[in-house]
Amino acid sequence: MGKKGVLLVNLGTPDSAATPDVRKYLNEFLMDGRVIDINPVSRALLVRGIIVPFRAPKSAKLYREIWSDETGSPLLYYSILQQKLLQEKLGDEYMVELAMRYQTPSIEAALDRLKNALVSEIKVIALFPQYASASTGSVYEKVMRLVGQWQTIPNISFVNSFHDNPLMIEAFADNAKKHQPENYDHILFSFHGLPQRQLIKCDHTHNHCLKTADCCQTLTDVNKFCYSAQSYDTARLIAGKMGLSPDQYTVCFQSRLGSDPWVQPYTSQVIAKLAEEGKKKLLVFCPAFVADCLETVYEVSVEYHEEFKEKGGEHVQLVESLNDNPKFIEALVGMVKN
Numbered sequence: 040m041g042k043k044g045v046l047l048v049n050l051g052t053p054d055s056a057a058t059p060d061v062r063k064y065l066n067e068f069l070m071d072g073r074v075i076d077i078n079p080v081s082r083a084l085l086v087r088g089i090i091v092p093f094r095a096p097k098s099a100k101l102y103r104e105i106w107s108d109e110t111g112s113p114l115l116y117y118s119i120l121q122q123k124l125l126q127e128k129l130g131d132e133y134m135v136e137l138a139m140r141y142q143t144p145s146i147e148a149a150l151d152r153l154k155n156a157l158v159s160e161i162k163v164i165a166l167f168p169q170y171a172s173a174s175t176g177s178v179y180e181k182v183m184r185l186v187g188q189w190q191t192i193p194n195i196s197f198v199n200s201f202h203d204n205p206l207m208i209e210a211f212a213d214n215a216k217k218h219q220p221e222n223y224d225h226i227l228f229s230f231h232g233l234p235q236r237q238l239i240k241c242d243h244t245h246n247h248c249l250k251t252a253d254c255c256q257t258l259t260d261v262n263k264f265c266y267s268a269q270s271y272d273t274a275r276l277i278a279g280k281m282g283l284s285p286d287q288y289t290v291c292f293q294s295r296l297g298s299d300p301w302v303q304p305y306t307s308q309v310i311a312k313l314a315e316e317g318k319k320k321l322l323v324f325c326p327a328f329v330a331d332c333l334e335t336v337y338e339v340s341v342e343y344h345e346e347f348k349e350k351g352g353e354h355v356q357l358v359e360s361l362n363d364n365p366k367f368i369e370a371l372v373g374m375v376k377n
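Using this note's numbering, the first residue of the sequence shown is number 40, and each one after it goes up by one.
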């Protein structure tokens with residue numbers, strides 16, 4: 040009956056750390072209507088007229104800080120490694136392809152390779168543990184739009200989220216053990232941020248999201264697809280695996296863009312507050328990412344580390360992302376087969 044197809048999709052990365060390539064990447068990324076979910080004309084004016092012209096040179100400088108002459112972008116390097124390791128685990132019965140939502144390798148090219156290989160079905164896994172319209176939703180919309188043009192459409196299934204996957208939780212906890220977490224004053228679970236309006240749009244009841252201060256603390260039928268609620272659940276599970284009490288860790292959100300209110304508390308504000316309280320050493324997880332990237336390697340390890348020291352702290356230590364952790368590869372195997 041032919042091989043079974045698997046499509047892994049991560050966010051994306053510039054083709055190089057040069058400003059033109061970063062500009063091209065930011066344009067494609069920020070022009071996605073699920074990422075900046077405003078009127079298309081306003082979005083074009085904002086992105087092409089204000090954000091990208093000013094942000095591209097600055098972002099290119101940051102990308103150069105993490106870029107390797109041998110391996111290029113860490114996000115692409117580890118994503119390719121995850122594809123290779125998953126293919127080895129699944130064997131010849133499967134064909135595993137990798138794509139990026141923005142830039143290369145493209146989703147269209149990866150899907151074409153699966154189609155030309157005559158796969159009998161396709162399992163699509165967006166490599167974002169917590170569901171968000173701007174990430175997972177955008178990937179699946181793109182896949183459905185492309186496959187919808189095919190004359191014959193095979194069985195296609197999607198993994199909505201894997202925020203509570205036991206093997207993923209174990210992998211993050213294992214990575215933290217390398218840093219002896221008992222020697223740190225506090226632990227942060229810093230997730231990528233989203234505008235609050237995107238959370239509100241996911242509340243189909245219109246009477247739950249952000250109505251109370253603790254609306255995301257517990258997963259329910261109402262907020263089961265909420266990015267923030269899934270993030271809190273991921274943090275709770277990792278903390279439980281590590282034996283942490285609630286007062287030993289804080290959930291926060293990074294990478295805010297623009298002046299609109301985003302999911303709170305903001306990581307930078309939490310770090311400043313902890314420094315003022317006399318905390319000296321922080322251990323930071325970034326469980327929204329399955330591969331190290333600009334937001335982990337630079338934003339946390341460099342920018343937040345410097346901010347913490349300026350406020351009187353001593354050290355911010357990043358817990359490495361899942362990268363090539365064998366337990367995460369086993370988690371992917373389970374998602375494919377189940």
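Quick reminder that beta carbons are idealized off the backbone N, C-alpha and C, glycines included.
All of these numbers come straight from a predicted model, not from anything done at the bench.
Q) Among the residues of its own chain, which have a CB less than 6 Å from the CB of Leu-361, if the five just before and after it don't count? A) Ala-210, Val-329, Phe-367
Q: State yes or no: is the C-beta of Val-14 within less than 8 Å of the C-beta of Val-323?
A: Given that the chain is displayed from residue 40 to residue 377, the structure contains no residue 14 and the question cannot be resolved.
Q. If we count Cβ pairs, one from each stretch, closer than 8 Å, do we get three or more for the region 268 to 281 versus the region 202 to 218?
A. yes
Q: On the DSSP bridge assignment, give the partners of Ser-174 in chain order.
A: Bridge partners of Ser-174: none, in fact.
Q) When burial is assigned at 16 or more other CB atoms within 10 Å of the CB, is Arg-103 buried or exposed? A) exposed
Q | Backbone secondary structure at Ser-196 - three-state DSSP | A | strand
Q. Given that a residue counts as buried once 16 or more other Cβ atoms are within 10 Å of its Cβ, and exposed if not, what is Lys-100?
A. exposed
Q: Given a cut-off of 8 Å, decide if Ser-229 and Gln-293 are closer than it, judged by their beta-carbon atoms.
A: yes
**Q.** Neighbour-count burial assignment, Pro-365, 16 or more Cβ in a 10 Å radius
**A.** exposed
Q: Provide the residue span of the alpha helix (DSSP H) that contains Lys-97, from first to last.
A: 91 to 105
**Q.** Touch test, the region 45 to 53 against the region 135 to 153, Cβ-Cβ under 8 Å, three pairs minimum
**A.** yes
Q: Measure the C-alpha to C-alpha separation of Cys-241 and His-247 and round it to an integer number of angstroms.
A: 10 Å
**Q.** Runs of alpha helix (DSSP H) wholly within the region 136 to 183 (minimum 4 residues, chain order)
**A.** 146 to 155
Q: Take Ala-56 as the anchor and find which of Gly-41, Trp-106, Leu-115, Val-91 has the nearest alpha-carbon.
A: Trp-106
(Q) I'd like to know whether the C-beta atoms of Lys-320 and Tyr-223 end up nearer to each other than 8 Å. (A) yes
Q.
Our contact map puts Gln-235 next to Ser-172 with C-beta atoms below 8 Å; I'd like the distance itself, whole angstroms only.
A. No, Gln-235 and Ser-172 are not in contact; Cβ-Cβ is about 13 Å, not under 8 Å.
Q. Curious, which full-length beta strand (DSSP E) runs of at least 3 residues does the region 299 to 347 contain?
A. 320 to 324
Q: Can you have a look at Arg-140 and say buried or exposed, based on whether 16 or more other CB atoms are within 10 angstroms of its CB?
A: buried
Q.
Restricting to Cα atoms, I'd like to know which of Gln-188, Glu-180, Ala-165, Leu-124 is closest to Lys-154.
A. Gln-188
Q | Residue span of the alpha helix (DSSP H) that contains Tyr-116, given as start and end | A | 113 to 129
Q) Asp-260: buried (16+ other C-beta within 10 angstroms of its C-beta) or exposed? A) exposed
Q.
Here's the rule: buried if 16 or more other CB atoms are within 10 angstroms of the residue's CB, otherwise exposed. What is Asp-253?
A. exposed
**Q.** Touch test, the region 190 to 197 against the region 58 to 69, Cβ-Cβ under 8 Å, three pairs minimum
**A.** no
Q) Using DSSP with H/G/I as helix, E/B as strand and the rest coil, what is Ile-75? A) coil
(Q) Counting C-beta neighbours from all protein chains within 10 Å, is the total for Gln-121 16 or more, i.e. buried, or is it exposed? (A) buried
Q | Residues near Val-336 in its chain [Cβ-Cβ closer than 7 Å; skip 5 each side] | A | Ile-105, Pro-113
Q: Drop a sphere of 10 angstroms on the beta-carbon of Glu-334, count the other beta-carbons inside from all chains shown, and report buried for 16 or more, exposed for fewer.
A: buried
Q | Secondary structure of Gln-293, DSSP reduced to three states | A | strand
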